[in-house]
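Just below is one structure, and these are the notes that go with it.
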Amino acid sequence: MTPGERVRAGAGVELWLTEEGKHWSTPEVEHQFRSVVDGNIDLHTPSIGMTAETVGDRYFLSGIHVTGHPSVRVVVRTSDGEVTASVVRLPGRPGWGVWYTDVALHENLTIDRVTLQHESGREIASLTPSRP
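Just so you know, we're using full-length UniProt numbering here: the sequence shown kicks off at 1 and counts up by one.
Okay, here's the thing in structure tokens:
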């Protein structure tokens, strides 16, 4: 993905990356930003983060992941099962990328775990978020 290139990330959401970080817009909020250069993300330690937003009847999940591996996948385990998220990154080896997916929103939905995996399936990092 080239800097500034916009992708449709589901349910009316657009997402794009710059060297400064992750940008996205939803029908409710036009421009949001998460920096990778402000010092709040350690770019030397593998990690995965998550942001969650209601967009209509969907739950849009996305986050920044940090890893030196160019080929990774992100698996989101919900109360409805597992979802493999889309992963995008800038060219070269910036050491970080962004993942995103959306799931059907309902009263009993839980996001149980988000796992960053090497392409071989080995876990690199994970998080256990709270209930939506």
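Virtual Cβ for every residue (Gly too), placed ideally from N, Cα, C.
Cα-Cα, which of the options is closest to residue i?
i, options, result
"residue 136", "T18, T78, S126, L15", "In the structure as shown, the chain starts at 1 and stops at 132, and residue 136 therefore has no counterpart that could be examined."
"F33", "S71, V55, T51, E107", "T51"
"Y59", "G95, M1, N108", "N108"
"residue 136", "Y100, V36, I48", "Since the displayed the chain opens at 1 and closes at 132, residue 136 lies outside it and no answer follows."
"P27", "G63, T18, G56", "G56"
"T54", "T115, V103, V114", "V103"
"I41", "E82, E5, P3, G95", "G95"
With DSSP collapsed to three states, give me the class of residue i.
i, result
"D102", "strand"
"A11", "coil"
"R58", "strand"
"H65", "strand"
Alpha carbon to alpha carbon, what distance is there between residue j and residue i?
i, j, result
"G21", "S120", "27 angstroms"
"L15", "R93", "20 angstroms"
"G12", "E30", "11 angstroms"
"L105", "A9", "16 angstroms"
"M1", "L61", "19 angstroms"
"S71", "G97", "10 angstroms"
"D38", "T18", "14 angstroms"
"E82", "T115", "11 angstroms"
"H23", "V7", "11 angstroms"
"L43", "V74", "18 angstroms"
"H69", "Y100", "18 angstroms"
"P3", "P91", "9 angstroms"
"T45", "V76", "21 angstroms"
Provide the residue span of the beta strand (DSSP E) that contains residue i, from first to last.
i, result
"T2", "That residue, T2, is in no beta strand (DSSP E); it is neither H nor E in DSSP."
"A52", "51 to 55"
"T45", "Note, T45: premise wrong, no beta strand (DSSP E); not H, not E."
"I80", "Note on residue identity: the sequence assigns Asp, not Ile, to residue 80. Run containing D80: none; DSSP gives neither H nor E here."
"V114", "111 to 118"
Inset, instruction - Say whether the region 78 to 97 touches the region 119 to 130, bearing in mind that this needs 3 or more beta-carbon pairs closer than 8 angstroms, one atom from each stretch. - result: no
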